[in-house]
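Trainee: The numbering of the sequence shown is numbering that gives the first Met the number 0, which starts it at 0 and goes up by one. I'd like to ask you about the structure that follows.
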Amino acid sequence: MSYQTTYQAWQNNPEQYWMTLAQDIDWISPPSKALFSENSPLFEWFKDAQVNTCYNAVDRHVEAGFGDQVALIYDSPITGNQSKITYAELQSRVADLGGALQQRGVVVGDRVLIYMPMIAEAVIAMLACARIGAIHTVVFGGFAAKELATRIDDATPKAILSASCGIEPSGVIAYKPLLDEAISIAQHSPDTCLILQRPECAADMSKPQDCDWQQTVAQATPAECVAVRGDHPVYILYTSGTTGAPKGVVRHSAGHLVALNWTMKNIYNMDPGDVFWAASDVGWVVGHSYICYAPLLNRNTSIVFEGKPVGTPDAGAFWRVVSEHNVKCLFTAPTAFRAIKRVDPAASFLDDYDTSCLQSLFLAGERADPDTIHWAQNYLKVPVIDHWWQTETGYAIAANPLGIEQLPIKMGSPTVPMPGYDVQILDEAGVEKPAGELGAIAIKLPLPPGTLPTLWNAEQRFKSSYLETYDGYYETGDAGYKDADGYLYIMARTDDVINVAGHRLSTGQMEEVLAGHPDVAECAVIGAADKLKGQLPVGFLCVNAGCETSPDDLIAQCIKRVRGEIGPVAAFKLAVVVDRLPKTRSGKILRGTIAKIADGEPYTMPATIDDPTILSEITTALGTIGYPKT
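Written out as structure tokens, the structure reads:
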């Protein structure tokens with residue numbers, strides 16, 4: 000089937016479409032129907048089914064005779080350690096940890112908070128929770144104590160699973176002191192903290208709730224898979240809210256299984272037995288969907304990578320992993336490739352490795368600028384696919400479905416909507432805009448299976464955050480347009496569309512032009528307040544290694560590029576060269592924070608910021624061009 004016939008099949012009969020796909024899941028009790036809309040606009044999928052997520056990800060493959068296939072590859076260039084875990088071994092280790100949790104009093108519906116580095120035990124922890132019907136909430140390892148405390152109070156976990164430390168290129172980060180501080184700050188206190196002692200750092204185990212992971216698991220009776228309803232949450236994943244309070248995105252069991260299982264073949268063209276690498280972290284949605292659940296559902300081998308694109312040890316780290324582990328599809332953030340490109344613009348490290356096994360590269364998390372895509376295509380010689388999705392959706396809203404049909408790639412576009420997503424471009428009144436015109440991107444309800452049905456303990460906040468701006472639509476918070484072929488273009492977050500003298504302009508479009516300069520490795524554009532024009536764009540430029548162009552000349556050339564390609568209406572006259580940009584741990588550039596610094600407004604240190612010290616560098620850089628204005 001072609002993409003068009005597949006999408007049309009969904010449009011013609013959405014419920015039949017999803018019920019057919021549900022046949023690929025092993026149900027304890029199958030659903031009676033697909034969509035439950037009695038509580039509209041809060042829709043639910045396969046609600047009355049009985050199922051177990053861990054059984055579908057692990058046990059069924061062992062029972063089918065694939066216990067000897069490798070399920071997880073742990074690769075840590077930071078520690079020099081590697082290990083491979085077969086599906087049979089994974090089943091045993093997950094059952095043992097699930098039993099340990101049960102013996103510590105964890106029952107169906109209890110929450111378990113996972114605060115761990117990128118090691119195999121983090122995935123085992125997620126699966127163990129799913130096995131016994133506990134609801135996991137993963138918090139990025141090393142997250143600040145105050146932010147960890149807010150998640151402890153919101154999720155009220157019965158148990159916390161953690162490790163003594165995480166290991167970054169900068170050194171060892173002790174997790175236990177952060178965890179102890181978070182528990183002391185929080186109103187809620189867990190009954191149990193199961194701590195995995197790593198050899199690089201021994202954790203103090205003096206708190207009454209502290210238990211040694213290895214000892215407790217060794218004494219446990221293995222847990223069987225527990226049946227849960229289709230609407231039982233697999234997990235809560237916190238995403239930053241505009242108010243500063245985190246939003247707990249909920250993922251229901253049945254829809255999550257059906258949707259993710261479909262994506263592995265249809266979007267990523269992965270067959271059972273292939274090796275898939277999502278170079279992300281289990282603290283983010285990509286890690287949930289594509290390190291843990293989707294590859295295992297599809298009986299793929301998934302890689303858990305404790306390293307960075309550069310510096311562990313060099314800009315060839317990704318090529319080594321691809322070559323060594325026979326990776327068929329690599330999924331990462333554009334910022335990872337920008338980092339590699341900046342350090343090694345000619346991709347010289349690629350010559351040291353045979354990457355002929357790689358058949359595709361998928362990028363998500365930030366807009367993939369055309370220059371980065373061209374660079375990757377040129378050196379890797381494989382399709383480079385930008386696709387667009389959100390923490391809230393759990394998988395791609397728009398993509399190029401390689402397993403159905405490889406559609407023509409258009410630079411700057413994540414291609415077309417996937418089945419289940421009726422994506423429309425709306426004006427402020429909720430009227431659909433014509434092709435080529437910038438507007439708010441919204442998705443007609445109901446959202447498909449696997450997307451968030453609500454927020455944890457915050458139904459009204461779910462409605463006000465996503466459903467009330469446009470009646471009958473989910474508001475994505477992104478701005479963009481569709482072209483005449485139906486291709487989608489994500490140009491900016493809605494609040495990154497700036498108003499320059501009455502003209503609504505996309506900062507993403509300006510960034511695209513700037514990134515096309517051969518000396519620019521990475522860039523960001525923000526709108527700074529201006530008394531005359533309302534807002535003015537300000538550019539931040541990071542240069543490639545070995546750049547010989549002076550900062551003044553580079554800025555002049557970039558200003559000329561924007562005026563030439565977008566026009567004088569952009570009023571792009573201000574730019575500054577910086578060593579680095581402030582980002583979240585997942586690679587998103589903190590444009591909103593930069594804009595507040597430029598405007599002299601107070602801001603809260605973002606909880607997810609990778610390195611807080613960079614904000615002083617940005618403040619200094621803005622000062623050189625007269626910001627904030629007094």
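For each residue, glycine too, the CB sits at the ideal point set by N, CA and C.
Would A158 and D179 qualify as a contact pair, given that the criterion is a beta-carbon distance under 8 Å?
Mentor: Contact flag unset, no.
Trainee: Let's test the definition: count the other Cβ atoms within 10 Å of the Cβ of Q389 and tell me whether it reaches 16, buried, or not, exposed.
Mentor: Burial call: buried.
Trainee: Does DSSP classify D651 as helix, strand or coil?
Mentor: The displayed coordinates of the chain run from 0 to 629. Any statement about residue 651 would go beyond what the structure contains.
Trainee: In the structure shown, what three-state DSSP assignment does I440 receive?
Mentor: strand
Trainee: Can you tell me which of the three DSSP states P232 falls into?
Mentor: strand
Trainee: Which residues in the same chain as G165 place their Cβ atom closer than 7 Å to its Cβ, once the five residues preceding and following it in sequence are excluded?
Mentor: P116, G140, G141, I172 and Y174
Trainee: Is the Cβ-Cβ distance between A278 and L329 less than 8 Å?
Mentor: yes
Trainee: To test your reading of the DSSP string, which unbroken beta strand (DSSP E) runs of 3 or more residues are found completely within the stretch 205-281?
Mentor: 209-211, 232-238, 246-251 and 274-277
Trainee: Could you name the residues of the same chain whose beta carbon sits closer than 8 Å to that of E365, not counting the 5 residues immediately before and after it, in chain order?
Mentor: A332, P333, T334, G586, K587 and I588
Trainee: If we ignore side chains and look at the alpha-carbon of each, how far apart do I442 and E458 end up?
Mentor: 19 Å
Trainee: Label A483 either buried or exposed according to how many other C-beta atoms from any shown protein chain fall within 10 Å of its C-beta, with 16 as the threshold for buried.
Mentor: exposed
Trainee: Quick one: any contact between the stretch 81-101 and the stretch 220-228, if contact means 3 or more CB pairs under 8 Å?
Mentor: yes
Trainee: Quick one, which of C557, V285, G622 and G132 has its alpha-carbon nearest V50's?
Mentor: In terms of CA proximity to V50, G132 leads the group C557, V285, G622 and G132.
Trainee: Do L535 and A574 come within 8 Å of each other at the CB atom, strictly closer than that value?
Mentor: no
Trainee: Can you tell me which residues form a DSSP beta bridge with F35?
Mentor: E43
Trainee: Do V576 and P611 count as a contact pair if the criterion is CB distance below 8 Å?
Mentor: In this structure, P611 sits away from V576, with a CB-CB distance that is not shorter than 8 Å.
Trainee: I'd like to know whether the C-beta atoms of I650 and A523 end up nearer to each other than 8 Å.
Mentor: A query on residue 650 cannot be resolved here, the shown segment of the chain reaching from 0 to 629 and no further.
Trainee: Considering just the uninterrupted stretch of the alpha helix (DSSP H) at E14, what are its terminal residues?
Mentor: P13 to L20
Trainee: Which residue from A439, I24, L454 and A127 puts its Cα closest to that of N297?
Mentor: Selection A439, I24, L454 and A127 evaluated against N297 yields I24 as nearest (Cα-Cα).
Trainee: Compare the beta carbon distance of H516 and R579 with 8 Å and say whether it is the shorter of the two.
Mentor: Taking 8 Å as the Cβ cut-off, H516 and R579 do not qualify as a contacting pair.
Trainee: Alpha carbon to alpha carbon, what distance is there between I113 and E167?
Mentor: 19 Å
Trainee: With a threshold of 8 Å, are at least 3 pairs of Cβ atoms found where one atom belongs to the stretch 228-240 and the other to the stretch 426-436?
Mentor: no
Trainee: Buried or exposed: where does D95 fall if 16 or more other Cβ atoms within 10 Å of its Cβ makes it buried?
Mentor: buried
Trainee: Sort C291, W17, P40 and A293 by Cα distance to S463 and report the nearest one.
Mentor: P40
Trainee: Taking the Cβ atom as the reference point for each residue, do G64 and A87 lie within a distance shorter than 8 Å?
Mentor: Cβ distance not < 8 Å, so G64 and A87 don't count as in contact.
Trainee: Do you know offhand how far M269's Cα is from L71's?
Mentor: 16 Å
Trainee: Considering only residues of the same chain and omitting the five flanking positions on each side of A620, which have a CB-CB separation below 6 Å?
Mentor: V575 and V577
Trainee: Whose C-beta lies closer than 6 Å to the C-beta of L362 among residues of the same chain, with five residues either side of it excluded?
Mentor: P333 and D385
Trainee: With distance defined between alpha-carbon atoms, name the residue in Q90, G286, I302 and I266 nearest to C224.
Mentor: Q90
Trainee: Closest by CA to P407, which one among Y469, G485, S169 and A124?
Mentor: G485
Trainee: Determine, using beta carbons only, whether G526 and T506 come nearer to each other than 8 Å.
Mentor: Yes, the Cβ-Cβ distance between G526 and T506 is below 8 Å.
Trainee: Taking only the alpha-carbon atoms, compute the straight-line gap between S36 and F45 and give it to the nearest angstrom.
Mentor: 11 Å
Trainee: Could you name the residues of the same chain whose beta carbon sits closer than 8 Å to that of P308, not counting the 5 residues immediately before and after it, in chain order?
Mentor: A278, A314, A316, F317, T331, A335, F336, A338 and I339
Trainee: At 4 residues or longer, and completely inside the stretch 82-151: list those alpha helix (DSSP H) runs for me, N to C.
Mentor: Every unbroken stretch of the alpha helix (DSSP H) spanning 4 or more residues and falling wholly within the stretch 82-151 is given here in chain order: 86-102 and 119-131.
Trainee: So if DSSP puts Y480 in a beta bridge, which residue, or which two residues, is it bridged to?
Mentor: Y488
Trainee: Here's the rule I'm using: 16 or more other beta-carbon atoms within 10 Å means buried, otherwise exposed. How should H373 be labelled?
Mentor: exposed
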